[in-house]
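Reading through the structure tokens given below for one structure.
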Amino acid sequence: MEAGKVSESLEKQVVAWYEALHRYPELGLQETKTSGLIRKALQEMDGMLVSRPTPTGVMAVLRGGRPGRTIAFRADIDALPVQEQTGSPNASAVPGVMHACGHDGHVAMLLGAAKLLSEKRQELCGELRFLFQPAEEIAAGACEMIRAGVLKGVDEVYGAHLDVLHPAGTFGVREGPLLASTYTLSIRIHGRGGHAAFPHTAVDSVYIAAQVILALHGMMSRSVNAFHRAVLTIPQVQASGASNVMAETVTLGGTVRVLDPACEEMIFPKIEQVARGICQANGAGCTVEWKCGCPALCNPTAEYRFVCGVLEDRFGGGCVYEDEPVMGGENFSEFLKVLPGCYYKVGAAPADGKGFPHHNPQFHFDPAALRYGVEACAAVLEAAAAR
Ligand SMILES: [Zn+2]
Ligand SMILES: [Zn+2]
Numbered sequence: 015m016e017a018g019k020v021s022e023s024l025e026k027q028v029v030a031w032y033e034a035l036h037r038y039p040e041l042g043l044q045e046t047k048t049s050g051l052i053r054k055a056l057q058e059m060d061g062m063l064v065s066r067p068t069p070t071g072v073m074a075v076l077r078g079g080r081p082g083r084t085i086a087f088r089a090d091i092d093a094l095p096v097q098e099q100t101g102s103p104n105a106s107a108v109p110g111v112m113h114a115c116g117h118d119g120h121v122a123m124l125l126g127a128a129k130l131l132s133e134k135r136q137e138l139c140g141e142l143r144f145l146f147q148p149a150e151e152i153a154a155g156a157c158e159m160i161r162a163g164v165l166k167g168v169d170e171v172y173g174a175h176l177d178v179l180h181p182a183g184t185f186g187v188r189e190g191p192l193l194a195s196t197y198t199l200s201i202r203i204h205g206r207g208g209h210a211a212f213p214h215t216a217v218d219s220v221y222i223a224a225q226v227i228l229a230l231h232g233m234m235s236r237s238v239n240a241f242h243r244a245v246l247t248i249p250q251v252q253a254s255g256a257s258n259v260m261a262e263t264v265t266l267g268g269t270v271r272v273l274d275p276a277c278e279e280m281i282f283p284k285i286e287q288v289a290r291g292i293c294q295a296n297g298a299g300c301t302v303e304w305k306c307g308c309p310a311l312c313n314p315t316a317e318y319r320f321v322c323g324v325l326e327d328r329f330g331g332g333c334v335y336e337d338e339p340v341m342g343g344e345n346f347s348e349f350l351k352v353l354p355g356c357y358y359k360v361g362a363a364p365a366d367g368k369g370f371p372h373h374n375p376q377f378h379f380d381p382a383a384l385r386y387g388v389e390a391c392a393a394v395l396e397a398a399a400a401r
């Protein structure tokens, strides 16, 4: 077997881990069976120090036989509230819950890399940490793991995500901003209720809400620099009225995504100013609240170049494509806020050519991608610890 290559038996094991995880998906912070499977698999590997930093998080430490740096790699382990519709014989056995983002594949790949590296422990430098993070989809697990101390003494942290737009054997990497910071936004408009036949005796919070929505969309195009990528969407409008009862209050629920930190500080005071101004002009009160889900994910130049180099050395020139930035969020950004590192994609387009987006009930990927993901992860960890 060539050094660092996944053997046929390890590939079978990795696919078996993925299939077992796919069949029993669990939602964020409820990953008890999932973390049990992970711990059991790690405990059977040579030289792994397995611990449970959070109730459903798992960390395994592998110390190499030679001095070096301490490098961590994160896999997210949670599933989504989606009813699977793939019709696959290995479909989710849990009604209403599905691994529709490929985190089952992420766990299988990191377990595979742990196994591959544990077999050559004496030749490795430094210390390798395998982090299995719960609750990525609800942006709750990364901070919990960090608070539990999983990054203490770590020099760099890496992470990867499957990508169903590119074929197995390719990898997406990008320097700089890649995923947006995410905020939930809530605007509560306090009018005055009344009879719908006598609007002049009331303060119509629905009419005011309509103006606020339009003005906010206008503000995003007029006040944000066109080169600073940001999105505001208000998909929720809740009013307390009836067809003949004017609503006392309206609550607008929305999301704000920002890729360029340069405009982050100006957006929220501006939202508040616009909403308050319109409410005030119409005689209504206004409460504006926003909460950060996760910060923007930005790959630093040095680690971006390092990962490209490792992947090209391992898989040949042409294996790396330039990843596209998107306005989605990723909880891994919390790790990159603390330490340098890089987040990259593992091409996994389905071999049947029927691609469905992540989070779709028919989402599936090419399991042949897993072996490449294992080899890439092991190569990045090994090389980073020896840098
Ligand atoms: Zn997802
Ligand atoms: Zn995901």
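If you number the sequence shown the way the numbering used here does, the last residue is 401 and the count never jumps. Each residue gets a CB set at the ideal place from its N, CA and C atoms; glycine is no exception.
Shown here for Glu336: same chain residues with a beta carbon closer than 8 Å to its own, the five before and five after excluded, namely Gly186, Val187, Arg188 in chain order.
The C-beta distance from Ala363 to Asp380 rounds to 6 Å, short enough to meet the 8 Å contact threshold. Shown here, Cys277 sits in a helix according to DSSP, grouped into three states. Rounded to whole angstroms, the separation of the alpha carbons of Ala156 and His373 is 20 Å. Comparing C-alpha distances from Phe144 to each of Pro109, Ile203, Arg77, Gly110 shows the shortest one belongs to Arg77. Ranked by how close their Cα comes to the Cα of Asp118, the residues Arg135, Gly331, Glu33, Ser200 have Glu33 in first place. Taking one beta carbon from each stretch, the stretch 45 to 56 and the stretch 89 to 98 have 3 or more pairs nearer than 8 Å; the two touch. Checking the 7 Å criterion, the Cβ of His209 is out of range of every heavy atom belonging to ligand 1.
Excluding residues up to 5 positions away in sequence, Ala216, Val259, Met260, Ala261, Glu262 lie with their Cβ nearer than 7 Å to the Cβ of Gly207 in the same chain. For Ser200 and Val251, the gap between their C-alpha atoms comes out near 10 Å. The C-beta of Asn239 has fewer than 16 other C-beta atoms within 10 Å across all chains shown, which makes the residue exposed. Assigned with DSSP and collapsed to three states, Thr68 falls in coil, not helix or strand.
Under the DSSP definition of a beta bridge, Asn374 lacks any partner. Ala122 and His378 have their C-alpha atoms some 15 Å from each other. Taking a 10 Å sphere around the C-beta of Ser347, we find 16 or more other C-beta atoms and assign the residue as buried. Rounded to the nearest whole angstrom, the C-alpha separation of Gly163 and Pro67 is 8 Å.
The three-state secondary structure of Tyr38, taken from DSSP, is coil. Looking at the backbone, the Cα of Gly331 and that of Val220 are separated by about 58 Å.
Per DSSP, Ser195 is one residue of the beta strand (DSSP E) stretching across 195 to 204. Contact between the stretch 123 to 135 and the stretch 385 to 393 is present, with at least three C-beta pairs closer than 8 Å.
Ranked by Cα distance from Val340, the first of Leu51, Val272, Ala182 is Val272. Here the alpha carbons of Phe320 and Leu311 stand approximately 17 Å from one another.
Nearest to Ala393 by alpha-carbon distance, out of Gly101, Leu142, Pro95, is Leu142. Per DSSP, Leu266 is one residue of the beta strand (DSSP E) stretching across 263 to 272.
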